[in-house]
Amino acid sequence: MNKTIRRASVFALLLVFALLLRATWVQFYEGRALADDKGNRRNAIETYAEPLGNIIVAGKAITGSAATTGGDLRYKRTYTDGELYAAVTGYASQSYAPTQLEGIYADLLNGTDTRLKTALDTVTDKRAEPGNVITTIDPDVQKAAYDALGDKKGAAVALDPTTGQILAVVSTPSYDPSALTDANTAGTAWKKLNADSDKPLTNRALRQPLAPGSTFKLVVAAAALEDGLYSSVDEKTDSADPYTLPGTRTVLKNENTSAPCENATIRIALQYSCNNVFAHMAVQLGQDKLRATAEKFGFDDRSQDVPVRAYPSVYPSGMDESSTALTGIGQFDVTATPLQMAMVSAALANGGKLVSPHMVAQITDGGGDVLEDYDDEASSTQVVSSSTAEQLRSAMQTVVEQGTGTNAIIDGVTVGGKTGTAQNGENNSKAPYAWFTSYGKSDSSGKQVAVAVVVEQSDAARSEVSGNGLAAPVAKAMMEAALKD
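The sequence shown maps to residues 14 to 498 in the working numbering.
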């Protein structure tokens with residue numbers, strides 16, 4: 014073999030080797046990337062080739078699958094009471110990425126989760142029978158919240174303080190996920206929903222932190238008792254009325270100018286929602302101590318999964334004393350979701366112990382065998398001492414029985430709560446937010462529930478917007494539904 018032929022042979026072998034490397038790269042790396050690409054039509058064809066698994070509430074499926082007519086997608090997702098449960102399920106769409114529980118458990122629900130495969134499925138590479146998601150949602154509490162919110166823009170969350178189970182997650186205005194399931198009609202519905210200024214696709218219960226207003230005073234009171242600034246909710250505080258914000262000429266007013274807020278005890282200050290008491294208390298404690306207590310309750314947690322990732326509620330940092338004072342009344346840059354404020358009440362109701370909130374109890378395979386039990390995995394943290402929790406529960410009862418939360422009174426139930434009206438917009442130019450957070454305990458069964466409600470907007474006159482007027486009745490309806498015999 015002459016030199017030229019030998020070189021040509023070597024070059025040809027190198028080309029073949031390069032082609033083999035390229036083919037291997039495309040097949041095993043780029044092929045996987047292409048297969049996982051959201052724009053790959055084959056993924057949708059595979060996902061909707063068979064009926065999906067279901068999301069279950071109280072033993073009943075609130076989702077389903079229906080055969081399609083025509084096209085290459087054989088099935089589409091369906092929903093029972095879609096608007097009622099939208100904040101729980103999210104949507105599974107032939108055109109858009111799934112959200113909420115539909116998104117988190119997409120592999121389980123479409124049968125591609127490896128935990129679903131039998132030995133035979135693995136050998137034959139057959140798609141497994143899809144699994145199901147068993148939620149902790151109580152349908153009666155969910156409906157009570159949804160009906161009570163009505164046409165108001167707002168949200169509500171209910172928790173079982175002893176288990177951390179989320180009993181209700183409601184966001185209004187809602188939407189029907191069924192409108193987004195069919196590729197032929199989803200585009201029009203998507204544009205309409207996204208153009209809506211009320212943002213119905215936003216999960217206000219978990220993913221829209223707002224100024225919590227006076228409901229945050231519970232956190233401030235907890236910090237003061239834990240720090241030893243005051244030994245009891247019935248000890249008089251050092252609180253001038255009127256109170257001037259430190260370093261300014263701004264006088265912080267109380268909503269009720271005739272309320273006995275000067276040097277008021279924590280109980281009286283919560284009962285009348287005295288701004289001067291908690292603003293000064295925040296300055297006395299300092300932002301670092303307040304933040305530490307807030308974070309124990311769950312603020313500033315950027316990995317709060319229930320299992321939907323909740324937006325973090327925030328206690329700010331780097332403030333001067335006047336701003337710190339405003340955080341004491343849940344203003345300045347303090348923000349909270351209804352989930353977060355329900356967690357505050359839940360911890361106080363549960364002797365100061367916060368059990369991790371979750372709205373999925375179990376996930377199962379198609380035959381009902383449990384793959385994971387989230388109830389068993391729930392963790393707990395002692396946020397405040399049992400003594401602090403007991404004292405604040407007592408003070409919250411005073412709020413409901415004699416103070417600003419009387420619309421939450423329920424016969425046969427011990428109810429404690431805190432109202433809040435938070436400023437909204439520059440110089441409070443927009444309608445304020447109405448808040449209420451509370452716990453209820455049945456006098457007969459001892460069963461408990463904790464709730465939080467925010468009403469962002471309603472048809473009430475601005476002067477009539479209050480936590481007691483708008484949010485407390487919603488909380489009452491939820492607690493009644495949760496604690497009924």
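All C-beta atoms, glycine included, are put in the ideal place defined by N, C-alpha and C.
- With respect to the 8 Å criterion, P222 and Y285 are not classified as neighbours on the basis of their beta carbons.
- Pairwise C-beta distances place the segment 441-459 in contact with the segment 352-371, as three or more of them are shorter than 8 Å.
- G226 places its beta carbon less than 8 Å from that of A435.
- Boundaries around V170 are those of the beta strand (DSSP E), K166 to L172, since no alpha helix (DSSP H) includes it.
- Shown here for P445: same chain residues with a beta carbon closer than 7 Å to its own, the five before and five after excluded, namely T434, A435, Q436, N437 and V478 in chain order.
- Take the alpha-carbon of S398 and the one of P329: they are about 24 Å apart.
- As the crow flies, the alpha-carbon of A171 is around 5 Å from that of L180.
- In this structure, Q353 lies near G311, with their beta-carbon atoms less than 8 Å apart.
- Judged by their CB atoms, G144 and G379 are nearer to each other than the 8 Å cut-off.
- With respect to the C-alpha of G95, the residue from Y118, G83, I68 and A119 having the closest C-alpha is I68.
- Excluding five sequence positions before and after I58, the CB atoms of its chain that fall closer than 7 Å to its own CB belong to D85 and L86, given in chain order.
- Residue range A485 to L496 is occupied by the alpha helix (DSSP H) that includes A490.
- Taking all protein chains in view, the Cβ of L26 is surrounded by fewer than 16 other Cβ atoms within 10 Å, so the residue is classified as exposed.
- Residue pairing by DSSP places Q470 opposite K166 in a beta bridge.
- Within the segment 66-115, the complete beta strand (DSSP E) segments at least 3 residues long are 68-70, 76-80 and 88-92, listed from N- to C-terminus.
- Between A168 and the set G331, A218, T198 and V264, the nearest pair of CA atoms involves A218.
- Residue environment: R19 is assigned as exposed (fewer than 16 neighbouring CB atoms within 10 Å of its CB, all protein chains considered).
- Within the segment 259-311, the runs of alpha helix (DSSP H) that reach at least 4 residues and sit entirely inside it are, in chain order, 279-285, 288-298 and 300-310.
- Remark: C-beta atoms of V487 and A208 do not approach each other more closely than 8 Å.
- When the five nearest sequence neighbours on each side are left out, the beta carbons in the same chain lying within less than 8 Å of the beta carbon of D313 are those of R304, A307, P325, S326, V327 and Y328, in order along the chain.
- Within the same chain, A192 and L193 come within 7 Å of A202 by CB-CB distance, once the 5 residues on both sides are set aside.
- In chain order, V70, A71, Y98, V101, I179, L180, A181, V182 and M372 place their CB closer than 8 Å to the CB of I150, counting only its own chain and leaving out the 5 sequence neighbours on each side.
- The beta carbon of I75 sits closer than 7 Å to the beta carbons of I68, Y92, T93, D94, Y98 and T102 from its chain, once the five residues preceding and following it are set aside; these are given in chain order.
- The Cβ atoms of K431 and L283 lie closer than 8 Å to each other.
- The three-state reading of DSSP puts D388 in helix, counting H, G and I together.
- Collapsing the DSSP output to three states places R140 in coil.
- In the assembly as shown, A236 is a buried residue. Its beta-carbon has 16 or more other beta-carbons within 10 Å.
- Annotation: A349 is outside any beta strand (DSSP E) and is labelled neither H nor E by DSSP.
- Nearest to S78 by alpha-carbon distance, out of Q107, N56 and R55, is Q107.
- By the CB criterion at 8 Å, K205 and P186 fall outside the cutoff.
- A straight line joining the alpha-carbon of D346 with that of A338 spans about 11 Å.
- Non-local beta-carbon contacts of K249 in its own chain, meaning distances under 8 Å to residues more than five positions away in sequence, involve N276, A277 and T278 in chain order.
- Across the set A295, G480 and P370, the C-alpha of P370 shows the shortest separation from the C-alpha of D318.
- Nearest in C-alpha terms to A105, of all of N420, T228 and T60, is T60.
- Here S244 is not bridged, per DSSP, to any residue.
- With 16 or more other Cβ atoms from the protein chains shown falling within 10 Å of its own Cβ, R280 counts as buried.
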